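For what it's worth, UniProt numbering labels the leading residue of the sequence shown as 1, then goes sequentially.
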Amino acid sequence: MGIQKPAWLEALYTQKFFVGCCYHETAKKNEKNVYCLDCCVSICPHCIPSHRFHRLLQVRRYVYHDVVRLEDLQKLIDCSNVQAYTINSAKVVFIKKRPQNRQFKGAVNYCTSCDRSLQQPFIHCSLGCKVDFLLKHYKDLSPFLRKCKTLTLSPDFLIPQETGEEEMANETAQSTIVDSDEPMSWSSSGSESMSMSMAYSSDQIVRKKRSGLYLWRSSANRVSDEDIASSMSRRKGIPHRSPLC
1 MGIQKPAWLE ALYTQKFFVG CCYHETAKKN EKNVYCLDCC VSICPHCIPS HRFHRLLQVR
61 RYVYHDVVRL EDLQKLIDCS NVQAYTINSA KVVFIKKRPQ NRQFKGAVNY CTSCDRSLQQ
121 PFIHCSLGCK VDFLLKHYKD LSPFLRKCKT LTLSPDFLIP QETGEEEMAN ETAQSTIVDS
181 DEPMSWSSSG SESMSMSMAY SSDQIVRKKR SGLYLWRSSA NRVSDEDIAS SMSRRKGIPH
241 RSPLC
């Protein structure tokens with residue numbers, strides 16, 4: 001039997017974005033605009049330090065709908081024939097269906113799922129419509145899924161200063177890593193079955209000077225605990241005054 005919907009795809013479609021984070025209710029800029037593929041949950045910028053070694057996908061807002069960058073989504077699934085739109089010089093794709101009340105005269109193409117008018121040569125208006133089309137006609141998503149071990153936020157993604165070092169030290173706080181490439185499953189007790197997986201990427205969060213924000217930056221190698229300890233234990237030597245001439 002072919003793959004239906006992997007857990008990350010199912011959760012991306014059902015999770016709510018741009019709502020307040022229940023873990024950071026009193027914090028500013030606490031809207032959930034990031035999706036963690038390894039935990040299958042939507043998170044806010046304050047949650048990012050707890051997920052910094054996970055695959056993260058930024059969700060944006062366009063005409064009151066959730067969108068993701070085409071460049072990021074193509075690393076996870078084949079996005080051919082899905083109509084993309086441009087915002088801030090970046091191409092984005094809608095996550096959910098956008099049914100249209102009436103069809104426009106003279107339209108060349110229509111969405112295969114919701115009959116929305118599209119430009120040529122596109123036949124899907126969103127990721128959700130393409131997935132429904134593939135499942136209906138092929139019964140299997142595996143030929144269209146892509147293996148992606150590393151997915152980080154764009155370098156200009158800013159994290160609010162209110163995110164404390166204590167949260168940055170507690171990796172996967174309020175989160176549980178799941179096997180996100182497998183379909184969603186539940187045990188007989190009704191709780192979602194979880195399985196631990198390895199973290200795929202190493203990232204650093206660097207504070208941006210003067211802005212009061214943290215700048216997200218990827219790094220090739222993770223700093224070892226020994227290096228951190230030796231760096232913190234260094235002290236400046238006793239200053240010596242230069243001899244008088």
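Beta carbons are placed, not taken as given, at the ideal position from N, Cα and C, and that holds for glycine.
Since this is a predicted model, take the numbers as computed values, not measurements.
Looking at the backbone, the Cα of Asp115 and that of Val41 are separated by about 30 Å. The beta carbons of Phe18 and Glu10 sit about 20 Å from each other, so the pair does not count as a contact at 8 Å. Judged by DSSP secondary structure, Leu158 falls within the beta strand (DSSP E) whose first and last residues are Leu158 to Pro160. The straight-line gap separating the alpha-carbon atoms of Val92 and Tyr85 is approximately 5 Å. Across the structure, Gln120 and Val108 are spaced so that their CA atoms are roughly 6 Å apart. Annotation: Phe94 is outside any alpha helix (DSSP H); the continuous beta strand (DSSP E) that includes it extends over Ala90 to Phe94.
Membership of His137 in the alpha helix (DSSP H) is indicated by the continuous run Leu127 to Tyr138. Within the same chain, no Cβ atom closer than 6 Å to the Cβ of Lys16 is found once the five residues on either side in sequence are excluded.
Residue state for Asp66 is assigned as strand, using DSSP reduced to three classes.
Take the alpha-carbon of Ala7 and the one of Pro183: they are about 5 Å apart. In this structure, DSSP gives Glu10 a helical state, which the three-state scheme calls helix.
Spanning the alpha carbons of Lys136 and Ala27 requires a straight line of approximately 43 Å. In the DSSP assignment, Val34 falls within the beta strand (DSSP E) that extends over Val34 to Cys36.
For Phe133 and Thr112, the gap between their C-alpha atoms comes out near 7 Å. Straight through space, the alpha carbons of Ser126 and Lys149 are spaced by roughly 24 Å. Note: Pro183 is bridge-paired with Pro6 in the DSSP secondary-structure output. Contact between His124 and Gln74 is absent: CB atoms are separated by about 14 Å, not below the 8 Å threshold. Taking C-alpha positions only, Tyr23 is separated from Arg146 by approximately 32 Å. A Cβ-Cβ distance of about 5 Å is found for the pair Leu153 and Gln58, placing them in contact under the 8 Å criterion. Sixteen is the threshold: when 16 or more other Cβ atoms of the shown chains lie within 10 Å of the Cβ of Tyr35, as they do, the residue is buried. A distance of 9 Å or more separates the beta carbons of Leu37 and Ile95.
Excluding its 5 nearest sequence neighbours in each direction, His54 has C-beta neighbours in its own chain below 6 Å: Cys36 and Asp38, listed in chain order. In the structure shown, the three-state DSSP call for Leu57 is strand. Here Ser117 is bridged, per DSSP, to Tyr110.
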